[in-house]
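Written out below as structure tokens is the structure these notes cover.
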Amino acid sequence: MIRSKLVLIVTVALAFCWTAADAIAQTPKKGGILKFAVSAEPPDYDCHAATSFAFIHPVRPHYNTLLKFDEPNYPKVKGDLAQSWTVSPDGLTYTFKLKPNIKFHDGSPATSADVKATYERIANPAQGVRSIRKAAYSDIASIETPDPQTVIFKLKARNASMLTNFASPWDCIYSAAKLKEDPKFPEKNVLGTGPFKFVEHAAGSHWVGERFADYHEKGKPYLDGYRAIFITNTAARVNALQAGEVLVEFRGHSPADRDKLKAALGDKIVVQESPWICSLVVTFNTQKKPFDDVRVRRALSLAIDHWQGAEALSRIALVRSVGGILRPGYELAAKESELVKYPGYGKDVNAARAEAKKLLDQAGVKELKFKFLNRNIPMPYTPVGVFLIDHWRQIGVQVEHDQPETKAYIANLRGGNYDVGLDFNCDAVDDPNLQLAKYISASKSSINYGRYEDPKLDDLYNRQKGELDQKKRYALLREFEQHALTQAYSIPVIWWHRIIVYWKQMKGWYMSPSHYLNQDLQDVWLDQ
Amino acid sequence: MLRYTINRILLMIPTLLGVAVLVFLLLRAMPGDIVELRFMMEGGQVSPETLAIERARLGLDKSLWWQFYDWMTGIFVGDFGTSMWTGRPVIDEIASRLQLSLQVAIMATILAVVIALPLGTISALYKDTWIDHLIRVFAIAGLAVPSFWLGMLIILGLLYSFNWIPPLTFVPIYVDPWHNLSQLIWPAMAVGYRYSAVATRMTRSTILEVLQEDYIRTARAKGVFERLVVSRHAMRNAMLPVVTVVGLEFAFLIGGLVVTEQVFNLNGLGKLFVETVTRADYTMVQALVMLVAAFFIFVNFVVDLLYAVLDPRIRYR
Numbered sequence: 085m086i087r088s089k090l091v092l093i094v095t096v097a098l099a100f101c102w103t104a105a106d107a108i109a110q111t112p113k114k115g116g117i118l119k120f121a122v123s124a125e126p127p128d129y130d131c132h133a134a135t136s137f138a139f140i141h142p143v144r145p146h147y148n149t150l151l152k153f154d155e156p157n158y159p160k161v162k163g164d165l166a167q168s169w170t171v172s173p174d175g176l177t178y179t180f181k182l183k184p185n186i187k188f189h190d191g192s193p194a195t196s197a198d199v200k201a202t203y204e205r206i207a208n209p210a211q212g213v214r215s216i217r218k219a220a221y222s223d224i225a226s227i228e229t230p231d232p233q234t235v236i237f238k239l240k241a242r243n244a245s246m247l248t249n250f251a252s253p254w255d256c257i258y259s260a261a262k263l264k265e266d267p268k269f270p271e272k273n274v275l276g277t278g279p280f281k282f283v284e285h286a287a288g289s290h291w292v293g294e295r296f297a298d299y300h301e302k303g304k305p306y307l308d309g310y311r312a313i314f315i316t317n318t319a320a321r322v323n324a325l326q327a328g329e330v331l332v333e334f335r336g337h338s339p340a341d342r343d344k345l346k347a348a349l350g351d352k353i354v355v356q357e358s359p360w361i362c363s364l365v366v367t368f369n370t371q372k373k374p375f376d377d378v379r380v381r382r383a384l385s386l387a388i389d390h391w392q393g394a395e396a397l398s399r400i401a402l403v404r405s406v407g408g409i410l411r412p413g414y415e416l417a418a419k420e421s422e423l424v425k426y427p428g429y430g431k432d433v434n435a436a437r438a439e440a441k442k443l444l445d446q447a448g449v450k451e452l453k454f455k456f457l458n459r460n461i462p463m464p465y466t467p468v469g470v471f472l473i474d475h476w477r478q479i480g481v482q483v484e485h486d487q488p489e490t491k492a493y494i495a496n497l498r499g500g501n502y503d504v505g506l507d508f509n510c511d512a513v514d515d516p517n518l519q520l521a522k523y524i525s526a527s528k529s530s531i532n533y534g535r536y537e538d539p540k541l542d543d544l545y546n547r548q549k550g551e552l553d554q555k556k557r558y559a560l561l562r563e564f565e566q567h568a569l570t571q572a573y574s575i576p577v578i579w580w581h582r583i584i585v586y587w588k589q590m591k592g593w594y595m596s597p598s599h600y601l602n603q604d605l606q607d608v609w610l611d612q
Numbered sequence: 124m125l126r127y128t129i130n131r132i133l134l135m136i137p138t139l140l141g142v143a144v145l146v147f148l149l150l151r152a153m154p155g156d157i158v159e160l161r162f163m164m165e166g167g168q169v170s171p172e173t174l175a176i177e178r179a180r181l182g183l184d185k186s187l188w189w190q191f192y193d194w195m196t197g198i199f200v201g202d203f204g205t206s207m208w209t210g211r212p213v214i215d216e217i218a219s220r221l222q223l224s225l226q227v228a229i230m231a232t233i234l235a236v237v238i239a240l241p242l243g244t245i246s247a248l249y250k251d252t253w254i255d256h257l258i259r260v261f262a263i264a265g266l267a268v269p270s271f272w273l274g275m276l277i278i279l280g281l282l283y284s285f286n287w288i289p290p291l292t293f294v295p296i297y298v299d300p301w302h303n304l305s306q307l308i309w310p311a312m313a314v315g316y317r318y319s320a321v322a323t324r325m326t327r328s329t330i331l332e333v334l335q336e337d338y339i340r341t342a343r344a345k346g347v348f349e350r351l352v353v354s355r356h357a358m359r360n361a362m363l364p365v366v367t368v369v370g371l372e373f374a375f376l377i378g379g380l381v382v383t384e385q386v387f388n389l390n391g392l393g394k395l396f397v398e399t400v401t402r403a404d405y406t407m408v409q410a411l412v413m414l415v416a417a418f419f420i421f422v423n424f425v426v427d428l429l430y431a432v433l434d435p436r437i438r439y440r
């Protein structure tokens, strides 16, 4: 077992090195239009109000952010508009030096004033402006611009995730002049400094961008342009990829679609795979009996064999890894040796299930029956739901699978109109501040659907947030995880697995654990 | 006739009003909220304040009466509002899809009529011969096979035979006829086959019925050529139910090709319908339902007028 795992790790590492070396070795060619599929469509054009990959994929190439992730070295960050930056020893001052000669697509220069206007719009939006990630910047006390190339952020409190925040793909830098004219300008207009200019959005059909000749990174982008085609039907997307009508779809494919494309196209395509910053989470409505009893929640948690589930489900669904609250493989996530010590994560499932039955007896719960709320999206919700129901049946619990359409699912989950639900936790980046938010008290988190209050978790959350020492933060995160999983309010079941299939002629694109990252397309080129 | 026409047109108003009230109330009775869906379907952490601001922006914080009043007063001045999802005018969203849906409906109707009338007539004239059996098998197969499934077979057939699929984006026929037809001929065939099957069955049965009528016997007794008996006397009278079926099918195709449009990735009204219902985009769904209802009423009205043209005995007062 250990040997086969070792072989797998070495193979993946070699494949990664080969891909990276291959990408470096080849000289990018200029020209061509990249056609790619997007399975949904952005509702409007404002990055600061957007939450979907359907927005990022077509819109991100028009914009820059202050920092961005260095994809081959993820989660390391690098400058996007920033040339360099420093952080004061107390962690309260961030100073950024911008790259020279940055221009907006209308030819106007981009300076520190634009960065300031952008972050002020995010942190303190004007009346009627929607800023979804306002809370992430609540620690900003002031933004100063001593000269056109320098911007200084002063914080009220230390925030270990601040550099990650500055690399957020949602924080598109807007023109201060345009925002002054109309703070809602970005809702209906696209004006950025990114590698591609906006050409056309045909509603329901496609989105077109063309090369920005005055882009500040000389020689980039390599492509003449791109065309994002909206294809909502999964089979139609796979067919389009197989026929070469599109070269890639950046969100992800199921194992079955990957195998179908591999069989049809052989070495004409490349497959990249990665753990995904998305987990499926069983959430108990703690305001409903008997789920207000920790023994019942623990029993249902112990009945789940995460390890067997991961092995079986990864063959048919886009899930693979067993993990805690943070993505397996992330530097701050629990290692397997720590994970197996958490309640419900042990490898002896028979012992766990015997304990589960005892706990139900102690709680006085006989012949437990409940409705399990799940999303009506087949991949991966349905197979994971079926898997959970089967495992709960092993301890004598009867479960009815309820899969309403998405809007009813969300309404029920948010409204507390459910017994036990399969929730999800998807984020753009690996960041404890984001991933832990689902587990802190409901009064402090709008995505805690378990409807519980736990001051200990809130305290641990705040302490890890302000802890700049990585080792100490790691320890605090383990403490948080141990407590959250012992209370079993919400249990991460299994983490998603991202599979991207693309035609070989597309080069310069790196896989990341997030379908929201690395989508500015500035390094992508076509070998044709 | 003129009075009848005016009466029918006036009757459309209360019918559409009834549809408007019904769709408005039914939509709001459905669980779910466009604001929650928009910001939270991918797990975003959005504060209750942001959700409240967005609801107010969309007018969802007003009472149902006010929302209905706003919508109705808008309709009377030709303003159907803006999509709650995209913020674009509803009329623009529909207009950009209507052209494609209309073209597919027209192409499928032409295909269906061209196939159904001769086949249905031949089947009736050669009743219980091998020709009749063959045509009936063709028609029954058309009824049994769902259009979207046939569409999937067409796509897979093209993909595996020619490594080609129809274009994914729409170009109007007057801009690039080749691109346009190479995209739309396939869905028109998939839909037209089922449509032609319905019309073939109807043509066959009505012609068989008409051929038993006294006036046909009289025509034959007078020595009129069989071809004239069929084309002038039988077919014209047999067309009344066929025209009804063709009219209703045509109206259905506007907005009814929900799955077929997804299979071929057509940016039509059917796909828009599904997306807007899924998103609880009230203004869009309301406008789409009104459009389809108006279309059905109009097509029925045209069919009624055609009755008078086809059968001189029918007079409307």
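Heads up: the protein sequence lines correspond to chains Y and S, in order. Take 85 as the starting number for the first sequence in my numbering and just add one per residue. Take 124 as the starting number for the second sequence in my numbering and just add one per residue. Yeah, the Cβ is synthetic: ideal placement off N, Cα and C, and Gly gets one too. Every value quoted in this text rests on a predicted model; they were computed, and no experiment measured them.
Within the stretch 195–253 of chain S, the alpha helix (DSSP H) runs of at least 4 residues that lie entirely inside it are, in chain order, 213–248.
In this structure, Y:Ser598 sits away from Y:Met463, with a CB-CB distance that is not shorter than 8 Å.
Classified as buried, Y:Ala417 has 16 or more neighbouring CB atoms from the shown chains inside 10 Å of its CB.
About 6 Å separates the Cβ atoms of S:Leu223 and S:Leu389, confirming a contact at the 8 Å cut-off. Under the DSSP assignment, Y:Lys264 falls in the alpha helix (DSSP H) whose first and last residues are Ala260 to Glu265. The secondary-structure analysis by DSSP pairs Y:Leu610 across a beta bridge with Y:Met590. The C-alpha of Y:Arg242 lies about 8 Å from the C-alpha of Y:Glu551. Between the alpha carbons of Y:Ile578 and Y:Gly430 lies a distance of about 14 Å. DSSP places Y:Val513 outside any beta strand (DSSP E), giving it a letter other than H or E.
Around S:Met164, the beta-carbon contacts reaching into chain Y at under 7 Å are Thr490 and Ile494. Here the alpha carbons of S:Arg151 and Y:Pro267 stand approximately 32 Å from one another.
Counting C-beta atoms within 10 angstroms of its own C-beta, Y:Ser196 has 16 or more neighbours from the protein chains shown and is therefore classed as buried. When only Cα atoms are considered, Y:Ala324 and S:Leu291 end up about 8 Å apart. Taking a beta-carbon distance threshold of 8 Å, Y:Phe564 does not count as an interface residue toward chain S. Fully enclosed beta strand (DSSP E) runs of no fewer than 3 residues occupy 353–368 of the stretch 333–380 of chain Y, in order along the chain. Contact of S:Val158 with chain Y is not assigned, every C-beta pair being separated by 8 Å or more. For the stretch 324–338 of chain Y, the set of positions with a beta-carbon nearer than 8 Å to some beta-carbon of chain S reads Ala324, Gln326, Ala327, Gly328, Glu329 and Val330 in chain order.
The DSSP-derived three-state label of Y:Leu239 is strand. When CB distances to chain Y are screened at a threshold of 8 Å, the residues of the stretch 362–386 of chain S falling below it are Gln385 and Val386, in chain order. Taking a Cβ-Cβ cut-off of 7 Å, S:Leu242 has no neighbours in chain Y, whose nearest Cβ is about 32 Å from it.
Cβ-Cβ separation between Y:Ala512 and Y:Leu601: approximately 7 Å, consistent with a contact (criterion under 8 Å). At a cut-off of 8 Å between beta-carbon atoms, S:Leu392 makes no contact with chain Y. Using beta-carbon distances, Y:Ser289 counts as an interface residue toward chain S, with a partner under 8 Å. Contacts between S:Ser224 and chain Y, judged by CB atoms closer than 7 Å, are missing: the closest CB pair is about 12 Å apart. Residues of the same chain with a CB within less than 7 Å of the CB of S:Thr138, apart from the 5 flanking positions on each side, are Ile420 in chain order. Per DSSP, reduced to three states, the secondary structure at Y:Glu204 is helical. Distances from the CA of Y:Arg205 to each of Y:Val470, Y:Ser222 and Y:Gly191 were compared; the closest alpha carbon is that of Y:Ser222.
Close partners of S:Arg178 in chain Y (Cβ separation under 9 Å) are lacking, with about 12 Å as the shortest Cβ gap. One Cα belongs to S:Leu363, the other to S:Thr326, and the distance between them is close to 10 Å. By a beta-carbon distance limit of 8 Å, Y:Lys352 does not contact Y:Trp609. Their separation comes to about 17 Å. When C-beta atoms of the stretch 248–258 of chain S are compared with those of the stretch 336–346 of chain S, fewer than three pairs fall below 8 Å, so the two segments do not count as touching. With fewer than 16 other beta carbons inside 10 angstroms of its own, S:Trp188 counts as exposed. With the criterion set as a beta carbon lying under 8 Å from some beta carbon of chain S, the members of the stretch 114–135 of chain Y are Pro127, Asp128 and Thr135, in sequence order.
Fully contained in the stretch 124–175 of chain S are the following alpha helix (DSSP H) runs of length 4 or more, in chain order: 125–152 and 157–163. Under the three-state reduction of DSSP output, Y:Pro488 falls in the coil class, being neither helix nor strand. For S:Trp188, the closest Cβ of chain Y is not nearer than 8 Å.
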